[in-house]
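Enquirer: Here's a structure for you.
Residue numbers (this note's numbering), protein chains in the order written: chain A, 1 to 141; chain B, 1 to 141; chain C, 1 to 141; chain D, 1 to 141.
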């Protein structure tokens, strides 16, 4: 399990693009953090939906791949609840809603750390591939 | 109309983060382009859902704000149809499905340029704010 | 508040079409019940997505209109987690995720009563109309 | 192919519940019709989201099962664009956006026949089960 998280942590480029930090990554319990920076603002000076989605999506990748299977995102839905501004510290909390042999369903809540205000609500569905991921050289995905 | 597009083009940070290029931006007809780069890959070496979403979302911002109103994204749904790889040239084509005084509905199709394969399908809804945007110094949004 | 619930209960035809029962309907706390009947089955003999959606949507109407405003559904997303069969007793539990002056976001979980298995997960967004509903003769909506 | 459509037509209960009529059902080209009746109205006297969803979902079942595989709906998203009223004749037009060995993506547009106004826009994703459906007695699904 840890090696998968480590592998994603080291190889997923979105993490460094948005400076996402993993707070917690255990079975069914994943929490991440992102600070809204200048390069995430849209023309209206609020955090871009794409940055919020990327943040949620990265967290979704962590929780859905934690079993060592190869979970492939097939769909996602996001609702933008309240705007986030430059400097806001955002916390994403992932929850597993359902998991079968072939699919998995997850929700990710993005909240502002200071006032716990909901910024965005994301649900994502994965298709679980039969092939148990790349297993060479101790690297699993 | 042009000044809005120009304003978004110059101020939306996501555009430069993902090197998005505007091919066409007219009323009800917006087309953009993005090349899959190293910094958009996830751990499985395919284009990150967050990059695809950001690309669609930026295109969605262009088409939904073209009337000069202040359109605020409230929800979006994305289906990941086929993987995109490093170097793939992606084209996003936006279409307005519905527009009322208070809401707007748009679809964005992301296709690979070479084989027209569908990479992702995005639908987004905006809430149209009454205030007709910032009007100072010829800059509208 | 009660009169709105009563008004919806008596006038929404979907309730009687699917024999939906209101278990609880208080501010931010709505629970409903539906038993899977013959007329809800699809050709594969499992409960039709349309019946599950209708059940969730009705529950969504209850929770989103509870303030006495006129909440208009603008979008909804549903994930079908596990199949429900003839005779299954389903419980829908609604939660308010966000509410602003102009929009509201809700989730509805549909679970089978016996084993608490998730059947479907629904998120819905409403647009809150300024006109505070019909207020004549004690009938509000 | 025809036998599948016939099988769904005869066995899906939602069709008769909402008096849905199949106008056309060919590979990649499915069109259905539903008239808004008294029993589909919500408390605001507009066609219930559940009825619109059921109508779209039934059309989605037709187009996604047309290959003779067993397509299982896993998620759907619907945007309610404009209200439909008692007596409105609604036409649903389905389009296949993507199909792989294991998943399929479809859009269904619901328009009012008289003025071609968009009533709802639906996207649905199926998981394609390996087992090629029930094949006994010429009945396939």
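For glycine and all other residues, C-beta sits at the position ideal for the given N, C-alpha and C.
Helix, strand or coil for residue 18 (chain C) per DSSP?
Expert: The answer is coil: DSSP assigns residue 18 (chain C) none of H, G, I, E or B.
Enquirer: Could you name the residues of chain D that residue 21 (chain B) contacts, counting a contact when the two beta carbons are closer than 7 Å?
Expert: Within 7 Å Cβ-Cβ: nothing; residue 21 (chain B) doesn't reach chain D, min ~24 Å.
Enquirer: Between the stretch 93-113 of chain A and the stretch 122-132 of chain A, do three or more beta carbon pairs fall short of 8 Å?
Expert: Short answer: they touch.
Enquirer: What did DSSP end up calling residue 104 (chain A) once you bin it into helix, strand or coil?
Expert: Looking at residue 104 (chain A) - three-state DSSP - the assignment turns out to be strand.
Enquirer: How many angstroms separate the CA atom of residue 57 (chain A) from the CA atom of residue 36 (chain A)?
Expert: Straight-line Cα distance between these residues: approximately 16 Å.
Enquirer: Just to confirm, is the Cβ distance from residue 106 (chain A) to residue 87 (chain A) under 7 Å?
Expert: No, Cβ-Cβ distance for residue 106 (chain A) and residue 87 (chain A) is not below 7 Å.
Enquirer: What's the C-alpha gap between residue 110 (chain B) and residue 121 (chain B)?
Expert: Cα to Cα, residue 110 (chain B) sits roughly 6 Å from residue 121 (chain B).
Enquirer: Tell me which residue opens and which closes the alpha helix (DSSP H) that residue 129 (chain B) is part of.
Expert: Careful: residue 129 (chain B) lies outside any alpha helix (DSSP H), inside the beta strand (DSSP E) at 118-129.
Enquirer: Residue range of the beta strand (DSSP E) that residue 98 (chain B) falls in?
Expert: Start and end: 89-99.
Enquirer: Does chain D have any CB closer than 7 Å to the CB of residue 82 (chain C)?
Expert: No, no contact with chain D.
Enquirer: Across which residues does DSSP place residue 76 (chain B) in a beta bridge pair?
Expert: Partner(s): A:78 and B:124.
Enquirer: When the distance is taken between beta carbons, is residue 25 (chain A) closer than 7 Å to residue 62 (chain A)?
Expert: The answer is yes: Cβ separation under 7 Å.
Enquirer: Just to check my reading of the structure: residue 46 (chain B) and residue 85 (chain B) have Cβ atoms closer than 8 Å, yes? What is that Cβ distance to the nearest angstrom?
Expert: Their Cβ separation, rounded to whole angstroms, is 6 Å, which keeps residue 46 (chain B) and residue 85 (chain B) in contact under 8 Å.
Enquirer: Against residue 77 (chain A), what residues of chain D qualify as contacts under a CB-to-CB distance less than 9 Å, listed in chain order?
Expert: The contacting residues are 75 and 77.
Enquirer: Using 7 Å as the threshold, is the C-beta distance between residue 49 (chain D) and residue 80 (chain D) below it?
Expert: Yes, these two residues count as a Cβ contact at 7 Å.
Enquirer: Give me whichever residues DSSP pairs with residue 27 (chain A) in a beta bridge.
Expert: Note: residue 27 (chain A) sits in no beta bridge, so no partner.
Enquirer: What do you get for residue 104 (chain B), buried or exposed, if any count of 16 or more other CB atoms within 10 angstroms of its CB means buried?
Expert: It counts as buried.
Enquirer: Would you say residue 59 (chain D) reaches chain G, if we count a Cβ-Cβ gap shorter than 7 Å as a contact?
Expert: The chain labelled as chain G is not found among the protein chains of the depicted structure, namely A, B, C and D.
Enquirer: Please say whether residue 82 (chain A) and residue 33 (chain A) have beta carbons closer to each other than 7 Å?
Expert: No; because the gap between Cβ atoms is not below 7 Å, this pair is not in contact.
Enquirer: According to DSSP, simplified to helix, strand and coil, what is residue 139 (chain B)?
Expert: Unreliable positioning characterises residue 139 (chain B) in this predicted model, as indicated by a pLDDT of 30, which lies under 50. A coordinate reading is not provided.
Enquirer: Would you mind giving the Cβ-Cβ distance between residue 14 (chain D) and residue 42 (chain C), rounded to the nearest angstrom? I have them listed as a contact below 8 Å.
Expert: Contact flag correct, Cβ pair sits at about 7 Å.
Enquirer: With a Cβ-Cβ cutoff of 7 Å, do residue 92 (chain D) and residue 55 (chain D) count as a contact?
Expert: Yes.
Enquirer: With a CB to CB cut of under 6 Å and the five nearest residues on each side skipped, what residues in its chain are close to residue 65 (chain A)?
Expert: Within the same chain, residue 65 (chain A) has close Cβ partners 4 and 71.
Enquirer: Apart from the five residues just before and just after residue 31 (chain A), which ones in its own chain have a Cβ nearer than 6 Å to its Cβ?
Expert: Contacts found: 23, 24 and 93.
Enquirer: Considering only the beta carbon of each residue, do residue 89 (chain C) and residue 113 (chain C) sit closer than 7 Å?
Expert: Yes.
Enquirer: Helix, strand or coil: how does DSSP classify residue 32 (chain D) here?
Expert: Residue state, collapsed to three classes: strand.
Enquirer: So what's residue 71 (chain A) in DSSP terms, helix, strand or just coil?
Expert: Here residue 71 (chain A) sits in strand by DSSP.
Enquirer: Buried or exposed, going by whether 16 or more other CB atoms sit within 10 Å of the CB of residue 27 (chain C)?
Expert: The residue is exposed, with fewer than 16 neighbouring Cβ atoms inside 10 Å.
Enquirer: Under three-state DSSP, which class holds residue 110 (chain D)?
Expert: Of the three classes helix, strand and coil, the one that applies to residue 110 (chain D) here is strand, per DSSP.
Enquirer: Tell me, please, whether the CB atom of residue 121 (chain A) is closer than 7 Å to any CB atom in chain C?
Expert: It does; some Cβ of chain C falls within 7 Å.
Enquirer: So, with DSSP's three-state summary, where would you put residue 41 (chain C)?
Expert: Residue 41 (chain C) falls in the strand class under three-state DSSP.
Enquirer: At what residues does the alpha helix (DSSP H) containing residue 57 (chain A) begin and finish?
Expert: Run containing residue 57 (chain A): 49-64, per the alpha helix (DSSP H) assignment.
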